[in-house]
Structures are given as structure tokens and as C-alpha cells.
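Participant: Chains as they are written, first to last, in the working numbering: chain U, 1 to 205; chain D, 206 to 410. For glycine and all other residues, C-beta sits at the position ideal for the given N, C-alpha and C. Attaching a single structure in C-alpha cells format; questions to follow.
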DNA sequence: GTCTATATCTCGATAGAC
DNA sequence: GTCTATCGAGATATAGAC
């Protein structure tokens with residue numbers, strides 16, 4: 001009933017160190033522009049300008065535009081993953097799931113540009129450029145679900161499908177909530193309710 | 206407990222007539238290429254070539270590339286909508302919903318390139334180019350859901366959110382099933398089970 | 001590492017004959 | 001309506017000084 005600490009560690013290492021401030025500027029600029037104008041609609045020159053660096057400098061850090069796009073996806077994906085890796089010892093499965101789901105949703109709402117980027121990327125042909133292990137669902141998350149199915153707390157179904165359905169719900173809810181401007185209270189309420197919906201769907205009751 | 210016949214009629218009119226064979230060729234070619242190489246990755250010249258027409262001819266039918274992209278989305282969206290508009294008289298709400306959900310899912314599996322295109326488009330900045338009424342959920346569908354909520358057969362929640370969640374589930378399931386190669390029997394089984402999941406989520410029980 | 005300048009290329013869109 | 005030919009803009013990526 002836990003998240004793998006090793007994963008947390010690795011994620012932190014990969015996503016945070018070895019990235020210079022300048023790289024961070026580039027990624028931030030690219031993110032904003034890609035989401036607003038699309039991969040096509042944002043020339044590398046615009047990214048460089050927005051990041052406050054020269055055109056050629058960008059290609060010092062990323063050999064090609066495609067490499068930048070993929071790197072940006074991995075960077076953001078790891079941020080989200082890390083945020084879902086919060087451990088909640090000893091609680092029930094439902095509570096652990098609620099914690100993970102809620103963390104991810106709040107992250108999505110607080111980082112809605114990044115959240116939209118993930119979806120834009122996942123539904124584009126760039127997905128094919130990802131290394132295989134980046135296409136898979138989070139490992140700790142999958143173990144939790146498998147375990148829940150084995151213990152018959154979750155409905156008997158393919159863990160992969162279960163994970164897919166949960167993520168779909170998460171992204172759909174995030175998109176909906178981002179579009180509606182909610183008060184803090186309304187937001188909190190909706191987060192809670194949306195988890196109950198999902199739980200009704202996947203739990204064996 | 207029904208789909209609006211007027212909508213069905215309108216959809217048929219808009220989506221099928223007034224489109225010449227040549228336009229159909231263009232749309233088919235564009236669809237395949239956009240999904241495989243992205244909006245950026247497919248030049249209009251490639252579309253023309255794949256459609257078996259000259260470069261300039263394409264611009265006779267669509268003034269700009271963007272216009273073609275939006276037209277393609279509307280065309281496909283209407284096909285899917287029409288397929289969901291099958292009427293099922295006198296059945297229970299659950300049965301009507303099952304019918305609609307199932308029709309849409311089967312359409313998505315049988316037209317997986319079109320299905321992926323819808324998602325690619327919806328998660329891209331091109332969405333902003335859509336006329337407002339094209340961004341909304343299907344009207345008959347919304348009425349059905351509102352009615353279900355009013356009758357307390359569905360949980361008390363925003364009909365808009367309910368529709369969003371249903372669509373997310375549909376697309377997620379479609380994507381998952383397209384990736385897994387299933388036998389005809391397994392496919393039928395999974396379609397049925399996936400609807401039961403959704404129903405557990407939205408019904409008030 | 002960072003910049004400027006630019007090579008090289010490709011694309012969207014148009015013009016105009018048929 | 002359909003074609004060929006092409007313009008002009010703007011893209012990625014590189015070269016080379018600092």
C-alpha cells in the first residue's frame with residue numbers, strides 16, 4: 001500500500017537536476033507557445049525570443065526541435081508523476097487512491113498549461129518518438145491497482161484498462177474544471193465528488 | 206426518451222450532401238496523413254498527391270490549409286454524431302444510454318483513424334477555430350442526460366460535466382481497445398463491460 | 001556557452017493557361 | 001474546375017566570431 005521510494009528518487013533526479021536555468025527558461029517558453037499555437041505554429045525562433053536567448057543557443061541545448069518537444073513532455077510528465085508519488089501509510093485502498101487522484105487533479109489545475117500540453121502531446125504523432133518505458137503507466141500506481149484487484153476491492157478487470165480509464169477521467173475532469181471558473185470552495189467540492197464518481201466506477205462495492 | 210429527428214436530418218444533410226467525390230478524396234487523404242504525421246508534418250502538397258489531384262486544385266475547394274483542417278473535423282464529428290443518433294423507443298434510460306454509448310464506441314473502433322483525429326484535433330489549438338456551436342455537446346444527448354438527472358436515475362451533477370465524463374470514458378476506452386488486438390468475442394465482451402463501468406459511475410443506483 | 005548571420009530548404013498560396 | 005509553374009515568406013539548423 002505504497003509508492004516506491006526509489007521511483008520518487010529517480011524522478012526527482014531526472015526531472016530537477018541536470019537542468020540549467022537556461023534550459024528551464026527554454027522549456028517554460030516552449031510550453032506556453034506550444035499550447036497556444038501548436039507545435040507547428042511556434043517556430044524555434046519564437047521560443048528563443050520568449051526565453052530571452054539567441055536563436056542558435058537553443059540548438060546548443062537541444063539538437064533538434066523534435067528533441068525539445070520530447071524532452072519537454074518527459075520533463076512535465078515526471079513532474080506530474082512525482083506529484084502523484086506521495087505516500088500515505090496504513091490507510092485504506094480508497095484513501096490512498098483518493099490521495100493520488102486528488103494530488104494529480106490539483107496539480108493539473110494549478111499547472112493547466114502543462115496539463116494541456118500532456119494531452120496535446122499524447123494525442124499527437126509525437127507520441128511515437130517516446131522511448132517505450134515512457135509510454136507505460138507509472139509502476140507504483142499499477143502495482144497498487146493490481147493489488148486492489150487481487151484483493152477484490154476493485155472490479156475484476158485488466159489493470160492496464162483500469163489505469164487508462166482512471167487517467168481518462170482525470171484528464172476529462174481537469175479539462176472541464178479548468179474551463180469553468182470555480183470558487184475555492186466549489187473547486188474543493190468538485191474534486192471530492194469527482195473522485196467519488198471514479199470510485200463508484202472501479203470499486204467492487 | 207429519444208433522439209431528435211430534426212438533428213438526424215440536419216446532420217445527414219450537412220455531412221453527406223454538398224460534398225463532391227473529389228472533396229471526399231481530399232478529406233480521406235488529409236485524414237490519413239494528419240493522423241500519421243501531424244498537422245505540421247503533412248504539407249498540402251502531400252495531401253494533393255495522396256488524393257490524386259493537383260496542388261492548386263486543393264485550394265479551389267479549401268481556401269487555406271486551416272480551413273481544410275476545420276472542415277475535416279466537422280465532417281468527422283458529424284459522422285460520429287449521426288451514428289449516435291439512433292433512436293431506441295420505449296426502453297429504459299439505461300438501455301438508451303447503452304445503445305448510444307455502444308454505437309459510438311463501435312464507430313470509433315471501426316473508424317479508428319477518424320477517432321484518433323477527433324482527439325488530436327480537440328487537444329490542439331485548432332479547437333479555437335471552431336464555431337461555438339461545434340464545441341458543444343450534442344443537444345439530444347444533453348436533453349437525455351438532463352432528463353435522467355431530473356428523474357434521479359442519474360446522480361445529481363452538472364449535465365455538462367456528466368457529458369464530459371462520459372466522452373472521456375468513451376475515448377479512453379476506444380484508444381485502449383484499438384491498441385489491444387481483440388477477437389470479435391472479446392471485443393463484444395469488453396464493450397459491454399465498459400458500459401457497465403460507466404453506468405456504475407453515473408447512475409444513482 | 002552565447003551570439004549574429006546566413007545557408008538551405010520547404011511550404012502555403014497564387015497566377016494564369018486550358 | 002483542373003492543371004503547371006512559381007513566388008515569397010518563413011522555417012530549421014549551421015558556421016564561426018567572441
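(1) Using a Cβ-Cβ cut-off of less than 8 Å, list which residues of the stretch 324-349 of chain D approach chain U; keep chain order.
(2) Is residue 154 of chain U helix, strand or coil when you go by DSSP?
(3) Please confirm whether residue 193 of chain U has its beta-carbon closer than 9 Å to some beta-carbon of chain D.
(4) Please say whether residue 163 of chain U and residue 137 of chain U have beta carbons closer to each other than 9 Å?
(5) Report yes if the C-beta distance between residue 381 of chain D and residue 165 of chain U is below 9 Å; otherwise report no.
(6) Please determine if the stretch 40-59 of chain U and the stretch 124-131 of chain U are in contact, where contact requires at least 3 C-beta pairs separated by less than 8 Å.
(7) Taking its Cβ as the centre, do 16 or more other Cβ atoms sit within 10 Å of residue 12 of chain U, making it buried, or is it exposed?
(8) Locate the alpha helix (DSSP H) running through residue 75 of chain U, then write down its first and last residues.
(9) At a CB-CB cut-off below 7 Å, which residues of chain D make contact with residue 168 of chain U?
(10) Taking any Cβ of chain U, which residues in the stretch 236-253 of chain D have a Cβ under 8 Å from it, in chain order?
(11) If you run the structure through DSSP and keep just helix, strand and coil, what is residue 385 of chain D?
(12) Buried or exposed, going by whether 16 or more other CB atoms sit within 10 Å of the CB of residue 353 of chain D?
(13) Taking the alpha-carbon of residue 35 of chain U as reference, which of D/258, D/326 and D/261 has the nearest alpha-carbon?
(14) Taking Cβ-Cβ distances shorter than 7 Å, what residues in chain U pair up with residue 366 of chain D?
(15) Here's a check: name, in chain order, each residue in its chain whose Cβ is nearer than 7 Å to the Cβ of residue 145 of chain U, leaving out the five neighbours to either side.
(16) Does residue 54 of chain U pass the burial test, meaning 16 or more other C-beta atoms within 10 Å, or should it be called exposed?
(17) Below 8 Å on the Cβ atoms is my contact criterion, and I expect residue 168 of chain U with residue 373 of chain D to pass it. Report the Cβ-Cβ distance as a whole number of Å.
(18) If we call anything under 9 Å between Cβ atoms a contact, is residue 104 of chain U one with residue 68 of chain U?
(19) Relative to the alpha-carbon of residue 60 of chain U, which residue among U/75, U/44 and U/152 has its alpha-carbon at the smallest distance?
(20) Count the other CB atoms within 10 Å of the CB of residue 189 of chain U; is the residue buried (16 or more) or exposed (fewer)?
(21) When we look at the beta-carbon of residue 181 of chain U and count the other beta-carbons within 10 Å, is it buried (16 or more) or exposed?
(22) Can you pull out the residues from the stretch 81-101 of chain U whose beta carbon lies closer than 7 Å to at least one beta carbon of chain D?
(23) Work out the CA separation of residue 39 of chain U and residue 74 of chain U for me, nearest whole Å.
(24) Hey, could you find the ends of the alpha helix (DSSP H) residue 23 of chain U is sitting in?
(25) So residue 400 of chain D and residue 324 of chain D are supposed to be a Cβ contact under 8 Å. How far apart are they, rounded?
(26) Which residue from U/139, U/111, U/202 and U/90 puts its Cα closest to that of residue 156 of chain U?
(27) Can you list, in chain order, the residues of its chain with a C-beta nearer than 6 Å to that of residue 383 of chain D? Leave out the 5 residues immediately preceding and following it.
(28) Nearest chain D C-beta to residue 113 of chain U closer than 9 Å, yes or no?
(29) Starting from the beta carbon of residue 64 of chain U, find every residue of chain D whose beta carbon is closer than 7 Å, and list them in chain order.
(30) Following the continuous alpha helix (DSSP H) through residue 102 of chain U, name the residue where it begins and the one where it ends.
(31) Need the endpoints of the alpha helix (DSSP H) that residue 203 of chain U sits in, please.
(32) Starting from the beta carbon of residue 109 of chain U, find every residue of chain D whose beta carbon is closer than 8 Å, and list them in chain order.
(33) If you follow the alpha helix (DSSP H) that residue 342 of chain D is in, where does it begin and where does it stop?
Facilitator: For this structure:
(1) 324, 325, 327, 328, 329, 330 and 331
(2) strand
(3) yes
(4) yes
(5) yes
(6) no
(7) Reliability of the predicted coordinates at residue 12 of chain U is poor, the pLDDT of 45 falling under 50, and the value obtained from them is presented with this limitation in mind. Classification of residue 12 of chain U: exposed, given that the 10 Å Cβ count is below 16.
(8) 65-84
(9) 373, 374, 376 and 377
(10) 240, 241, 242, 243, 244, 245 and 246
(11) coil
(12) buried
(13) D/326
(14) 176
(15) 154, 159, 162 and 163
(16) exposed
(17) 5 Å
(18) no
(19) U/44
(20) exposed
(21) exposed
(22) none
(23) 16 Å
(24) 21-41
(25) The pair is not a contact, with the Cβ atoms about 20 Å apart (cut-off 8 Å).
(26) U/202
(27) 317
(28) no
(29) Residues of chain D passing the Cβ test: none, with the nearest at roughly 14 Å.
(30) 93-110
(31) Per DSSP, residue 203 of chain U belongs to no alpha helix (DSSP H) and is neither H nor E.
(32) Per Cβ cutoff of 8 Å: no residues; residue 109 of chain U is ~14 Å from chain D at best.
(33) First-last for residue 342 of chain D: undefined, no H or E at that position.
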